[in-house]
Each structure stands twice: as structure tokens, then as C-alpha cells.
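Working notes, beginning with the structure itself.
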Amino acid sequence: MEQPFVVGKPVTGKYFIDREKELKRLSAILSGTSKGDINNVILLGLRRTGKSSILLNIKDKFSKNKKIIPVIFDAYGISTKERFSRSFINKVLDSYVEETGNKAYKEKIKKLLSQKYDKIKNKLSNFDIVVSEFVTFHTKFRETIANEDELLEDALQYPEKLGNNKKITFVIMIDEFQELLKWGDEFLKMFRRLVQSQSHIAYVLSGSAPTVMKEMVYDSKSPFYKQLIEVHVTPLTEESVYSFIKNRLKTVKISIDNTSLQRIFELSRDFPDYVQRLGLQIYLNCFEKNKKSVKNDDVEKAYSEMIIQLDPDFNNIFKTFSDLEKEILIALSNNIESPSAIASEIRKPQSSLPKTLTRLINQDIVEKYREGKYRMMDAIFSDWLGRRFTNITT
Ligand SMILES: Nc1ncnc2c1ncn2[C@@H]1O[C@H](COP(=O)(O)OP(=O)(O)OP(=O)(O)O)[C@@H](O)[C@H]1O
Ligand SMILES: [Mg+2]
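Under my numbering, the first residue of the sequence shown carries the number 113, and numbering increases by one thereafter.
Below, the structure written as C-alpha cells:
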């Protein structure tokens, strides 16, 4: 039997809801790429809001277009520039082969790379550019002829050279782009120089640290100041969540009343990730008990279980904070929302708070939602923390 819900990986097709606005905007911005009308995009959204799923859907959309090769590159966990370069050029080749169906390139490359460079170097220019540029890069890499910055530049220029030679264009989507910001301004400057000189590539830079990512566009000192078109991942609409849950449960012959649907929407706080998790938990509970209809109590029970299951995940995030940050977050999760009340709760002078609060805001963990009032951005993370460190006096 088909699973009614999907958690833990980006979704497409029947598991993907809403996002019409974002997809329409992205398609409109990117579809000019094949006519040389290049615009670069920054896709912004908090963790778990469905950015990677949007990229996957854009990829599917452009896959049908013979003139545009969509590439999704996930920068998550990328350590060094060498690692980026190698993974990036491999991904571009894979996407090109996948879209064009020309598998012979890979065979050729494999054969060439199994030989010594001295033997092949004079012959390389006779090969198709897809092969020659790729083999040159890997040879430089293997024989440590080039330094990391050169390799990075070579890798980033590979799709441009293919585009130029094959009269095609690329839409290159770099997911978790914020991971690359650790290489500093010099990297961004180099990247911007390339981006500006390239006429066969449109980039979508996606990141789950919206504040940090936004600085790339808003900070006048940033090399990308005003250079990227912003697309924001917006909350799911209430109707789309209702009909999604209802229809997916229907596929497994389970019905649900409107009050329960409303409760799911309230509890998941329009985060698609939590909508699917909650849906799955409800389904599994019904399946176990052979229940055919969902009531409010079932939703509450599934929600508590979902929070418990997220324990390792939230623990991992929580342990990355300093002691003072942890104390502030615990206070916020217990609905202590003003700096003065937080300060007295954690027994610290109020003057010790602003710097730390600002840091938490810049990391998109906390938001100032009203004058003098703060709360955690991820309400489910907040619930988890509140349940773990209950303060019976508040
Ligand atoms: N449009 C959507 N419709 C239904 N479910 C969705 C949608 N987008 C995302 N989801 C759900 O949310 C989960 C997280 O989505 P996705 O990985 O796309 O988010 P993300 O913003 O890239 O997350 P992260 O910040 O962790 O990388 C998916 O596994 C899926 O369950
Ligand atoms: Mg993602």
C-alpha cells in the first residue's frame, strides 16, 4: 500500500501542495534564461518550510525544456573548496547526461581518466568539450597541479563552457548556500565575478538561514548587493492543508472531521514538514488500531508523539546554543516574552540580554513579533522545549 504522507525528504507530485505563487514567480524569472535573459534568484525560507521541494519541482518543470538543463547542487556539509569543486562538476555532468540521455560521455571519461595524464594530454582537445574539460579538471585535481581557488573557478565555469558550445543554458540551483559563506568575502567576490561574466547560467541560491542570506542582498558591502531577485517561501494556505490531509487519508480509507483538520493546521503552524509528520503519525495510529475515522483526540495524541519523535533532532539543535542562549530559549518557550521578564526569570541583569537576543534573531531562531515581545520562530521547537523544561510557576 502506498504511504499517504512523506517525511524526511523533499517531495513532488501528489505529495506536494500549494506553492503556486513561488513556482510561478520562479518559472517567470528563470524561463528567460534560454533567450539569454539571465536573472539570478535568492530563495529564502526557514528550516523545514519546503525550499528543497520547490527546487525539485522547478527541476521537473525545466526537465521538459530541451534548451535548459536544470541542476540541483546541495551544499550541505561541503567541507573544502576542493570538495565543492569536485562534487559540483560531477553534478553538472550527471545532470547534463541525464537530461540529454547521452551516456557515452561517461564511458569515454572513465576510459580517459584510467590513463596517465602524459599519455592523453595532447589528445584531449580532439574530444567533445563535455569530455575534455571534465578530464582536464580531474587531472589537475588528481595531480595537484591547481590550487583550490583555481579548481573552484574551473568547476563553476564548466557549465558555462558547455552552454556556449552546445547552445544550451543551465539553471543551477545551489541548495543550503549559506554553508559556503564560511569561505568569506573573497569567495563571494570571485563567485560574483563569474556570475556576471556568464551568459549561459542562471543561479538560484537557496538557504535556510534567511537573515544571513538576506545580508548578501541588503548589505551594501556585500558583493551581491542588489544583485539577486528574492523569492520567499510563504506559509501554506489553510485550504491546501485541509484538502491535502483529507485526500491523503482518503487514499487509505480514513475519514476526518473539520474540527480535527483545523486542529492539524493550528498545531503544524503551516510548516509543511509538520503537516506531513502529523498526518503520518495520525495514519499510523489509525492503522494500528484499525480505526477508520479521525477525531480531535487522535490529533492531540499524534501531535504529542510527533514531538517525542523529534527529540533527537531538537536535542541536536538545542545543544549548539550557549548556556545563556539556552536559558533565554527556555524562558521564551514558557511564554515569557519580554526582556525584563526573561531577565528576572533567568536571574541575570537585563543588560546582558540584547546582544544574545540579537544573535538568536540573526540566526532565525527568535523573532520580535511585537514591540518588546519575542518568541521562537519554530513553534513546534518551542513546544518541545516548553514540555521538556516546564515551569510550573508560569
Ligand atoms: N509543498 C509541499 N507540500 C507538502 N509537503 C511539503 C511541501 N514542501 C515540503 N513538504 C514537507 O516538508 C518536508 C521538508 O521539506 P523540504 O526538505 O523541501 O524543506 P526545506 O526547507 O528544504 O528544509 P531544510 O531547511 O531542512 O533543508 C518534506 O519532507 C515534506 O514532508
Ligand atoms: Mg532543504
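Positions of the beta carbon are idealized from the N, C-alpha and C atoms, including for glycine.
- DSSP lists no bridge partner for methionine 113.
- In this structure, asparagine 277 sits near isoleucine 241, with a CB-CB distance shorter than 8 Å.
- For proline 271, the closest of Met302, Ser207, Gly213, Gly120 by C-alpha to C-alpha distance is Ser207.
- From the listed residues Ala140, Gln290, Ile368, Ile440, the smallest Cα separation to glycine 498 is found for Ile440.
- Put simply, the stretch 373-389 touches the stretch 160-175. At least three CB pairs are less than 8 Å apart.
- DSSP, reduced to helix, strand and coil, places aspartate 385 within a helical segment of the structure shown.
- Per DSSP, leucine 158 lies in no alpha helix (DSSP H) and is assigned neither H nor E.
- Counting only unbroken stretches of 3 or more residues, the beta strand (DSSP E) elements lying wholly within the stretch 251-331 are 281-287, 313-319, in sequence order.
- Listed as beta-bridge partners of phenylalanine 185 by DSSP are Ile286.
- Taking a cut-off of 8 Å on C-beta distances, the stretch 306-322 touches the stretch 142-157, as three or more cross pairs fall below it.
- Contact check for serine 320 against isoleucine 129 fails: the beta carbons are separated by 8 Å or more.
- When C-alpha distances from glutamate 245 are compared across Thr124, Ser445, Val307, Asn202, the shortest belongs to Asn202.
- Within 10 angstroms of the beta-carbon of glutamine 310 lie 16 or more other beta-carbons, which makes it buried.
- Around the CB of glutamate 211, 16 or more other CB atoms lie within 10 Å, so the residue is classed as buried.
- A residue is called buried once 16 or more other Cβ atoms fall within 10 Å of its Cβ, and lysine 193 is buried on that count.
- The three-state secondary structure of tyrosine 486, taken from DSSP, is strand.
- For tyrosine 415, the shortest separation between its Cβ and any heavy atom of ligand 1 does not lie below 7 Å.
- Residue range 341-344 is occupied by the beta strand (DSSP E) that includes isoleucine 341.
- Counting only the Cα atoms, proline 182 lies some 35 Å from leucine 472.
- Shown here, isoleucine 366 sits in coil according to DSSP, grouped into three states, outside any helix or strand.
- Judged by beta-carbon spacing, leucine 167 lies beyond the 8 Å limit of methionine 325, meaning their Cβ atoms are not closer than that value.
- For arginine 499, the enclosing alpha helix (DSSP H) begins and ends at 491-500.
- Your pair phenylalanine 501 and isoleucine 442 checks out as a contact, with CB atoms roughly 5 Å apart and the cut at 8 Å.
- For asparagine 408, the uninterrupted alpha helix (DSSP H) run begins and ends at 408-421, by DSSP.
- Threonine 281 places its beta carbon less than 8 Å from that of isoleucine 180.
- Here the alpha carbons of asparagine 214 and leucine 224 stand approximately 17 Å from one another.
- For phenylalanine 200, the uninterrupted alpha helix (DSSP H) segment begins and ends at 193-212.
- For lysine 222, the CB stays at least 7 Å from every heavy atom of ligand 2.
- Counting other Cβ atoms within 10 Å of its Cβ, tyrosine 486 reaches 16 or more and is therefore classed as buried.
- When DSSP reads this structure, serine 405 sits in a beta bridge with Ser367.
- The shortest C-alpha to C-alpha distance from phenylalanine 377 to any of Lys176, Ile357, Val123 is the one to Ile357.
- When DSSP states are grouped into helix, strand and coil, lysine 231 belongs to the helix group.
- Annotation for lysine 163 indicates a beta carbon within 7 Å of some heavy atom of ligand 2.
- For leucine 168, the uninterrupted alpha helix (DSSP H) segment begins and ends at 163-175.
- Just so you know, the alpha carbons of aspartate 490 and isoleucine 477 end up roughly 7 Å apart.
- DSSP places lysine 178 outside any alpha helix (DSSP H), giving it a letter other than H or E.
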